[in-house]
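Here the sequence shown is numbered in the working numbering, starting from 2 and rising by one per residue.
Where a beta carbon is used, it is the ideal one built from N, C-alpha and C, also for glycine.
Take a look at the structure set out below.
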Amino acid sequence: MVSWFRRNKSDKAAETAPEPPAQAPSVATPEPAPATEAPAAAAGRKGWTQRVRGIFTKDITELFGRNPKLDDDLLDEIETALLSADVGVTATTEIVDKLRKRMKAREFADAHELLAALRAELLALLQPIAQPLAIDASAKPFVILTVGVNGVGKTTTIGKLARRFKDEGRNLMLAAGDTFRAAAVAQLQQWGERNGVVVIAQGQDADPASVAFYALQAAKSRGADVLIADTAGRLHTQGGLMNELGKIKRVLGKLDANAPHEVLMVIDGTTGQNALSQLKQFNAAVQVTGLVVTKLDGTAKGGVLFALAREFGIPIRFAGIGEKPEDLRVFDAEAFVDALLPASLGA
Ligand SMILES: Nc1nc2c(ncn2[C@@H]2O[C@H](COP(=O)(O)OP(=O)(O)O)[C@@H](O)[C@H]2O)c(=O)[nH]1
Ligand SMILES: [Mg+2]
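See below:
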């Protein structure tokens, strides 16, 4: 730990003095980490099904294990399962009403056909927003600004993304824009070190907009492909801090009118319906262009994705399904719905 702080200090000294972009870089590029861990891109459906589970499966497995009758009671039980998984009242009501209409119209021969229709409804909600992040290669660098409340997994996600982009052969840099806590800078530097990625930091209490500005200047001068900026967690109810995000965005725009190219909001999948008000406020402050939903490995509340999809239609880029570097998946709507409601269920 001590060595991180020490290094942080010297970085601070090196980076606080703004330099003309053409000058030699003042931050040592760490040696690339040996490629011993599994590649971050090794995704696949298996990981999803193993990690993301238990959102509906317990209730629904029990339900369909009982070989239920096709009636209003069954719909009631499905409604309860969706609500307790935090799909939210509006999205749940819509789904259940649709199923009820089709049931009354005798479209389903049995309960299992109704289950298949439920899967299809859930998939239809998520599929349009399962849009992977496309890195525009002409943006030099492509700037990603990460935002979100405290503890949702912003810094961890940046570390995982760093790993992924390195694996893809991209030249990237990180900006330690969470200047609230010294530990936050150290945490990002640790990720950078592990993955052989340069981290630009000005230390604790620096102006995060200034960190972002100089980091973009440095990334431009080095011809980096991608710059990912961390920010301090903030409550969506803290007006001053929300304005600060606007300032970071404006300052980046001074160096590149299109920057940030992606405002990536990280949402904790265990938050439940509060995620909706978080997204609403962050979106109003900085216009969120993509989401990462984390901690889907440890929740019975991941149903909030359906509510987010319905309310905002903002693309979900990635899903966090664990704490390791490789535990970030490109969001795959079908794999997610499969993990929640296996097609084999009740077959
Ligand atoms: N289980 C699990 N834990 C996660 C995931 N993403 C982040 N975390 C943990 O959440 C905690 C907070 O993460 P951090 O990146 O510091 O959050 P930040 O405050 O938003 O930067 C840490 O203990 C992480 O290891 C995930 O996808 N799954
Ligand atoms: Mg952080």
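Problem set entry | Own chain, CB closer than 7 Å to Val252, minus 5 neighbours either side, in chain order | Ala210, Ala213 and Phe214
Exercise. CB of Gly234 to nearest heavy atom of ligand 2: below 7 Å?
Worked result: yes
For this session: Give me the Cα-Cα distance between Ile201 and Val338, rounded to the nearest whole angstrom.
Result: 39 Å
Exercise. Going by the CB atoms, is the gap between Leu297 and Gly321 shorter than 8 Å?
Worked result: yes
Problem set entry | Lys155 beta carbon near ligand 2 (any heavy atom closer than 7 Å) | yes
Exercise. Under 8 Å, do Arg318 and Pro133 count as touching if we go by C-beta distance?
Worked result: yes
Exercise. Alpha carbon to alpha carbon, what distance is there between Glu324 and Gln188?
Worked result: 14 Å
Problem set entry | Euclidean distance between Cα positions of Gln128 and Gly299 | 23 Å
For this session: Determine contact between the segment 236-253 and the segment 274-294, defined as no fewer than three beta-carbon pairs at a distance below 8 Å.
Result: yes
For this session: Could you have a look at Asn9 and say whether DSSP puts it in helix, strand or coil?
Result: The pLDDT assigned to Asn9 is 36, lower than 50, so where the model puts this residue is not dependable; a value taken from the coordinates is nonetheless given after this. Note: Asn9 maps to helix in three-state DSSP.
Exercise. Helix, strand or coil for Leu175 per DSSP?
Worked result: strand
Problem set entry | Neighbourhood of Glu335 by C-beta, 6 Å cutoff - its chain only, sequence neighbours within 5 removed | none
Problem set entry | Sequence ranges, alpha helix (DSSP H) only - wholly within the segment 104-186, length at least 4 | 112-127 and 155-168
For this session: State the DSSP-derived secondary structure class of Arg67, mapped to helix, strand or coil.
Result: coil
Exercise. Should Ala112 and Phe181 be called a contact, given that it needs their Cβ atoms to be closer than 8 Å?
Worked result: no
Exercise. Just curious, the beta strand (DSSP E) that Gly291 is in, first and last residue?
Worked result: Gly291 to Thr295
Problem set entry | Reference Leu277; option with closest CA among Gly234, Leu292 and Glu263 | Leu292
Exercise. Closest by CA to Val199, which one among Ile229, Ala207 and Asp208?
Worked result: Ile229
Problem set entry | Start-to-end residues for the alpha helix (DSSP H) that takes in Val88 | Segment: none, Val88 is in no alpha helix (DSSP H) and carries neither H nor E.
Exercise. Out of curiosity, what's the CA-to-CA distance linking Ala135 and Ala163?
Worked result: 15 Å
Exercise. Terminal residues of the continuous beta strand (DSSP E) containing Val212?
Worked result: From DSSP, Val212 is part of no beta strand (DSSP E) but of the alpha helix (DSSP H) over Pro209 to Ser222.
Exercise. How should Asp328 be labelled, buried or exposed, when 16 other C-beta atoms within 10 angstroms of its C-beta is the threshold for buried?
Worked result: buried
Problem set entry | Cβ-Cβ distance between Gly234 and Val88 below 8 Å | no
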